[in-house]
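Residue numbers (the UniProt record's numbering): 1 to 815. Built from N, CA and C at the ideal position, the CB exists for glycine as well.
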C-alpha cells in the first residue's frame, strides 16, 4: 500500500497525455531535421539495409521485411509499417523513391496497394546514400524496445533528404507539410551555403527557386515561396498543366497532363464530371480518364461552339484542378518540434554532415593506423626473417612465440599476433613490395584523414565533393514549372448560366420550383404538385438567367437566381423555403413574388402595408443579392408589434391608396404621403385604428369602384367617389352600417378591375372577374363582380348565400 499515490484526475490526465504527446511528436509523426525521416521510415531503411535487402540484390517479400522491422525495431502494427514502406516506393509522392517495389503499390487514384504477402521490395540505390558509413560510428545508436538490439537515432544522410522528399504528418498540437524539391537544386543550395554560411534566402533561391513536385504541375507565387522559406509558413497556388486541343467537327477538348501534388486523380475526375452532370457550366460533353503507362491524361471533351477558355477557368476556380498548397515546415530539431525555414534546415544538415564526416574520418584513421602498425611490423620481420622463424620454432606454442617476439625484438602485441598468424606464402619478394606500397598508401591516407579532421576547409571540400557526386548520379530535370505571380481567375457568374426557358411557380406555403416547358405543357395547371391545404400563388415563364424575389408575411424577402432553383416536374411538390433559408418560420407564408432581369436597371418601388397600420415604400433595387442569400432571408419590413404581419404589397403607383379595416372603416389618401425608406425602416402610421381593429386590405384607387365582402356572406360594390381623399393616419369613414347584434366584419376588399389584397396575382378580366367564395360548409359560390349593383357606402350589401345554412365565409379568392 505504500506505493499508492493520491493524485487528482486532472494531474494524472495532464501527466499521461503530456508523455503520450511527447512520444508521438518525437517518435512517430514528425521528421528529423537532419535526415528528414520519421522513426518508422528510418527503421524500414536500416532494417532492410542490415538484412542485405539492397538495390544490387534481388527483391524480397515485403511481408518478410515488415516482420523483421516489427520484430526488431518498430513495436506497432504491421499495417503502419507496410503503409510507410509503400509510400517510400510511390514515385508520385516521393521526390526520390527510397524503396523499389514489385507488384501493386497503389495508384494516384487512391487505390490501395496489394497485401504485403503479394509484393516484393528492396532499397533503391539512393537509399544507400542515406545509410552510407552507418557502420563507422558516425551516428548515435539506442536500444530498441526490448533492449535486444540497437538502432540508429538518425541516419548519416549523404543528401538533404528533408527538402528532397518533403514530409507530411499530424501529431498532438503539431502538423507538418514540407513539399518535395529537386535534388540537384537542393544540393546546389547546400554547396553554396557551405561556402557562404551567412547566405540570405534571396540568394539561396537563385539555386533553390521553389518546390518541385513529382507530379509536376505549375506553382505560382514567388513571394509566398520566399515567405515560406524564411518563416516555415506560406501558401502557393498549384495549377494543373492543361492544354486545349482541336477535335474533328469543330469541337475542342481540354487535356490535363499534370495535376497538383497529393491529389486523388479519381476524385478529381469525378468532381469534374459532376460539373458536367449538374450543368454548373455549359458546354462539357464528356469527361474521360485516359491515363495509361505512358502518363497521366484527363480529357474533357466540349460541345460544339462551347467557350473552352471559360470552362477551363471555371474548372480551375471551382475544382481541384487548381489548389492551394500550404507550407508548414515543422521538424524535430534537438528533440524539439520547430517551425523552420530553409536556412535552419540546410544549416542543421551541414552541421550533421560535418559531424558524420568527422566521425567517419576518425574511425577510418584509427583503422588505418592499426593496419599501418601491423604492416610496419611485417616489413620489419622480413629483414630478420631467419631469426624470427628460429625463435618461433623454438617456442612451445603460439602464445609463447608471441611473448618471445615481444621480448626479443620489441614487437607490440598486435604486431606479434600478426607475425605468428602470418601465412608462409606471404613471405615472397612480391608480397614485400606489396607491403611497402600498402605502407605508403596508409601513411598518405592517415595524412588525408588527419587533414579532414583538423582542417575545416578540407572537411568542407570533402562534403561538397560527396554532395556533387550524389547530384551527378541522381539529378533529374525539374518537373514543376514556377511562375512568379499568382494568376487570378475571373469567372463571371452570368457567363456560366445556361440560358433556358422554364416555368417558375411559388405556393402560398412556400414551395418553389422551376419546371421545363415540356413538363408544364404536358400537365394541367391544376395538377401542380402541392399540399392539399396549399394554393398556387404565382407561376410565370422565365429564363434561367433571371432572378426571383419572394416576400413573406413576416417581412422577409428570399432571393434566388432562377438557375439555382430545383428543376422538377410540374406534378412534383418542389423545394420548401425552409430548405432555401435557415430563418423561414412555420407560421410564415409567401405574399408576393416577382421575377426580374437584373437589379441595376430596375427602378420600381414597392408599397408595403402591415396589419397594424404601418406603411412605407421601398426601392426594389434594395434587394439585390446579399452575401448570405443562400442561408438567410433579408428583412424588408420592421414591425413595432410582435404579432404584426404584412397584408399588402404591390408596385407603387402615382394614385390614391385605399385602406380597409376589419371593423368596416376605409381611409383614402395620396400615395405621395408615404415616404420612400430603406428595407429596415418601420415606415409611418397609415391609419388611426381603434382597439381590436386591424387593416384587412390595401390597394390603389385605379378604377371607379371597389367591393367589400363580410364574414356573414354579404357582398357589395361601392363607388370610390363616396370616399373622398383624406390625410394619412386618419380614422377613415365607415363602409358598413353598424349593427348591435351580429355586426358585419370585412374579410376581403378590392377593386373590380385590379387585384385585391387576398390574391395579388390573379389576372383580371375587364368584362368578367369572378369572385369565388367558400362557405364554412365547404360550398363554393361564384359571383361576377362587374355585375354587382352600386350600393351606398353605409349599406351592408346583399347576401350571396343563406347565412343560417352556410354559417358564414371560410375563404375567398378571384378566379
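Terminal residues of the beta strand (DSSP E) in which residue 697 lies: Taking the chain shown and counting its residues from 1, the one referred to as residue 697 is at position 697. Residue 697 -> beta strand (DSSP E) spans 695-700.
The stretch 633-651 contacting the stretch 600-608, beta-carbon criterion three pairs below 8 Å: yes
Pairwise C-alpha distance: residue 785 and residue 716: For the purposes of this step, residue 716 is taken as residue 716 along the chain shown, with counting starting at 1. For the purposes of this step, residue 785 is taken as residue 785 along the chain shown, with counting starting at 1. Distance between the alpha carbons of residue 716 and residue 785: 9 Å.
Beta carbon of residue 165 nearer than 7 Å to that of residue 48: Numbered from 1 along the chain shown, position 165 holds the residue referred to as residue 165. Numbered from 1 along the chain shown, position 48 holds the residue referred to as residue 48. For residue 165 and residue 48, no; Cβs fall outside 7 Å.
Inter-residue Cα distance where the pair is residue 481 and residue 168: Here residue 481 refers to the residue found at position 481 when the chain shown is read from its first residue. Here residue 168 refers to the residue found at position 168 when the chain shown is read from its first residue. Going by C-alpha positions, residue 481 is about 22 Å away from residue 168.
Rounded separation between residue 77 and residue 238 - CA only: Looking up residue 77 in the chain shown gives position 77. Looking up residue 238 in the chain shown gives position 238. Residue 77 and residue 238: Cα-Cα distance of roughly 35 Å.
At least 3 beta-carbon pairs within less than 8 Å: the stretch 545-552 vs the stretch 589-607: yes
Residue 240 to residue 293 span [Cα, whole Å]: Translated into the one-based positions of the chain shown, residue 240 becomes position 240. Translated into the one-based positions of the chain shown, residue 293 becomes position 293. The alpha-carbon atoms of residue 240 and residue 293 are separated by roughly 19 Å.
Simplified DSSP state of residue 769, which is helix, strand or coil: Reading the chain shown from its first residue, position 769 is the one you call residue 769. Residue 769 falls in the coil class under three-state DSSP.
Cβ pair count under 8 Å reaching 3, the stretch 348-355 against the stretch 273-289: No, because fewer than three Cβ pairs between the stretch 348-355 and the stretch 273-289 fall closer than 8 Å, the two stretches do not touch.
Residue 216 to residue 259 span [Cα, whole Å]: The sequence position of residue 216 within the chain shown is 216, counting from 1. The sequence position of residue 259 within the chain shown is 259, counting from 1. Rounded to whole angstroms, residue 216 to residue 259 spans 7 Å at the Cα level.
Segment contact, 8 Å Cβ cut-off, at least three pairs: the stretch 181-194 with the stretch 372-379: no
DSSP state of residue 200 mapped onto helix, strand, coil: Translated into positions along the chain shown, residue 200 becomes position 200. Coil.
Simplified DSSP assignment, three categories, for residue 755: If you number the chain shown from 1, residue 755 lands on position 755. Because residue 755 carries a pLDDT of 41, less than 50, the predicted location of this residue cannot be relied on, and no value is offered for it.
Residue span of the beta strand (DSSP E) that contains residue 107, given as start and end: Position 107 of the chain shown holds residue 107. Note, residue 107: premise wrong, no beta strand (DSSP E); not H, not E.
C-beta contact flag for residue 73 and residue 144 at 7 Å: In the chain shown, counting from the first residue as 1, residue 73 sits at position 73. In the chain shown, counting from the first residue as 1, residue 144 sits at position 144. Closer than 7 Å, so yes.
Cβ neighbour criterion (16 or more within 10 Å) applied to residue 291: Stepping through the chain shown from its first residue, residue 291 is reached at position 291. With 16 or more Cβ atoms within 10 Å of its Cβ, residue 291 is classed as buried.
CB of residue 392 within 7 Å of CB of residue 401, strictly: As a first step, residue 392 must be located in the chain shown, where it is residue number 392. As a first step, residue 401 must be located in the chain shown, where it is residue number 401. Yes, the Cβ-Cβ distance between residue 392 and residue 401 is below 7 Å.
According to DSSP, residues forming a beta bridge with residue 194: Within the chain shown, residue 194 is the residue found at index 194, counting from 1. According to DSSP, which records beta bridges pairwise, residue 194 is partnered with nothing at all.
Local conformation of residue 238 per DSSP, three classes: The count along the chain shown starts at 1 and reaches residue 238 at position 238. Note: residue 238 maps to strand in three-state DSSP.
Burial state of residue 9, where buried means 16 or more other Cβ atoms lie within 10 Å: Residue 9 sits at position 9 when you count from the first residue of the chain shown. Residue 9 should be labelled exposed.
Segment contact, 8 Å Cβ cut-off, at least three pairs: the stretch 297-312 with the stretch 250-257: yes
Local conformation of residue 473 per DSSP, three classes: Within the chain shown, residue 473 is the residue found at index 473, counting from 1. The three-state reading of DSSP puts residue 473 in helix, counting H, G and I together.
Nearest neighbour of residue 614, chosen from 657, 678, 580, 687 [CA to CA]: For the purposes of this step, residue 614 is taken as the residue at position 614 of the chain shown. Of 657, 678, 580, 687, the smallest CA-CA separation from residue 614 is found for 687.
Three-state secondary structure (DSSP) of residue 19: If you number the chain shown from 1, residue 19 lands on position 19. Residue 19 falls in the helix class under three-state DSSP.
Residue 277, DSSP secondary structure in three states: The residue you call residue 277 lines up with position 277 of the chain shown. Residue 277: helix per DSSP, three-state reduction.
Run of the beta strand (DSSP E) containing residue 517, from where it starts to where it stops: Residue numbering aside, residue 517 sits at position 517 when the chain shown is read from its first letter. It is not in any beta strand (DSSP E) - residue 517 instead sits in the alpha helix (DSSP H) that spans 517-521.
Separation of residue 704 from residue 721, as counted between CA atoms: Position 721 of the chain shown holds residue 721. Position 704 of the chain shown holds residue 704. Distance between the alpha carbons of residue 721 and residue 704 is about 7 Å.
Residue 78 - containing alpha helix (DSSP H), residue span: Here residue 78 refers to the residue found at position 78 of the chain shown. Start and end: 78-89.
Beta-carbon proximity list for residue 689, same chain, < 6 Å, skipping 5 on both sides: Position 689 of the chain shown, counting from 1, holds the residue named residue 689. Closer than 6 Å at the Cβ level, and outside the excluded window around residue 689, lie 613.
8 Å contact criterion, which residue 266 and residue 109 should meet: CB distance rounded: As a working note, residue 266 is residue 266 in the chain shown. As a working note, residue 109 is residue 109 in the chain shown. That belief holds up - the Cβ atoms of residue 266 and residue 109 are roughly 4 Å apart, short of 8 Å.
Beta-carbon contacts of residue 386 that lie in its chain and below 6 Å, excluding the five residues immediately before and after: As a first step, residue 386 must be located in the chain shown, where it is residue number 386. Excluding residues within five positions, none has a Cβ falling inside 6 Å.
Neighbour-count burial assignment, residue 6, 16 or more Cβ in a 10 Å radius: Counting from 1 along the chain shown, the entry for residue 6 is found at position 6. With fewer than 16 other Cβ atoms from the protein chains shown falling within 10 Å of its own Cβ, residue 6 counts as exposed.
From 432, 325, 178, 289, residue whose alpha carbon lies closest to that of residue 340: Here residue 340 refers to the residue found at position 340 when the chain shown is read from its first residue. If we check each option's Cα against that of residue 340, 178 comes out closest.
Residue of 68, 783, 560 minimising C-alpha distance to residue 543: Position 543 of the chain shown, counted from the start, is the residue given in the question as residue 543. Comparing Cα-Cα distances from residue 543 to each of 68, 783, 560, the minimum goes to 560.
Three-state class that DSSP yields for residue 800 in the structure shown: The residue labelled residue 800 in the question sits at position 800 within the chain shown. Of the three classes helix, strand and coil, the one that applies to residue 800 here is coil, per DSSP.
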